[in-house]
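According to my numbering, the sequence shown is numbered sequentially starting from 154. All C-beta atoms in this analysis are idealised placements derived from N, C-alpha and C, irrespective of residue type, glycine included.
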Amino acid sequence: MTDSDVTISMFERIGGSATIDALVDRFYDRMDTLPEAKIIRAMHADDLGLIRDVLKRYLTEWTGGPKLYSVEKGHPRLRQRHIGFAIGDAERDAWLLCMRGALEETVTDVAARQDLDKALSGLADWMRNG
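Printed below as a string of structure tokens:
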């Protein structure tokens with residue numbers, strides 16, 4: 154078996170659960186503190202504890218880690234779950250600002266960080282509904 158026969162998931166490339174946990178925590182810390190994120194922070198409950206856990210489980214599975222999200226929530230149906238929120242360019246950009254800062258702080262592998270940023274950027278763009 155050669156190296157090219159083995160696929161390493163993004164979950165493994167970035168450092169697994171510890172990195173996902175740190176990424177999500179830094180993401181929501183930024184959302185809580187950056188003035189540019191005020192627009193998306195207002196879309197969330199005062200207590201971010203539950204949504205932190207949901208995003209950690211979602212990103213774990215989405216990046217190729219253990220199936221922690223779908224076993225409880227089913228298919229992500231992200232657009233459907235977010236349809237009650239007006240998500241335009243400003244909301245997407247605020248979300249990406251928080252996520253990119255969190256990626257910079259938590260994902261040390263530059264190539265993995267760039268690949269994950271590209272995937273998350275596509276996801277954020279797709280979520281726009283207004």
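Beta-carbon proximity list for residue i, same chain, < 6 angstroms, skipping 5 on both sides
{"i": "F286", "result": "A question about residue 286 goes unanswered here, because the residues of the chain that appear run from 154 up to 283."}
Integer-rounded CB distance, given that residue j should sit under 8 angstroms from residue i
{"i": "F180", "j": "A255", "result": "4 angstroms"}
{"i": "I240", "j": "G275", "result": "That pair is no contact at about 14 angstroms."}
Residue j beta carbon less than 9 angstroms from that of residue i
{"i": "P253", "j": "R281", "result": "Before going further, note that residue 253 is Arg rather than Pro in the sequence given. Their beta carbons are not under 9 angstroms apart, which means R253 does not touch R281 by this criterion."}
{"i": "T213", "j": "I161", "result": "no"}
{"i": "L208", "j": "V260", "result": "no"}
{"i": "L250", "j": "L273", "result": "no"}
C-alpha gap between residue i and residue j, whole angstroms
{"i": "L203", "j": "A171", "result": "18 angstroms"}
{"i": "D206", "j": "M184", "result": "15 angstroms"}
Beta-carbon contacts of residue i that lie in its chain and below 8 angstroms, excluding the five residues immediately before and after
{"i": "L201", "result": "Y181, M184 and D185"}
{"i": "I192", "result": "A243, E244 and A247"}
{"i": "Y222", "result": "V207, R210, Y211, T213, E214, W215 and P229"}
Residues near residue i in its chain [Cβ-Cβ closer than 7 angstroms; skip 5 each side]
{"i": "L269", "result": "M163, I167, L256 and V260"}
{"i": "E189", "result": "A247 and L250"}
Should the segment 161-169 be regarded as contacting the segment 211-220, the criterion being three or more beta carbon pairs within less than 8 angstroms? yes
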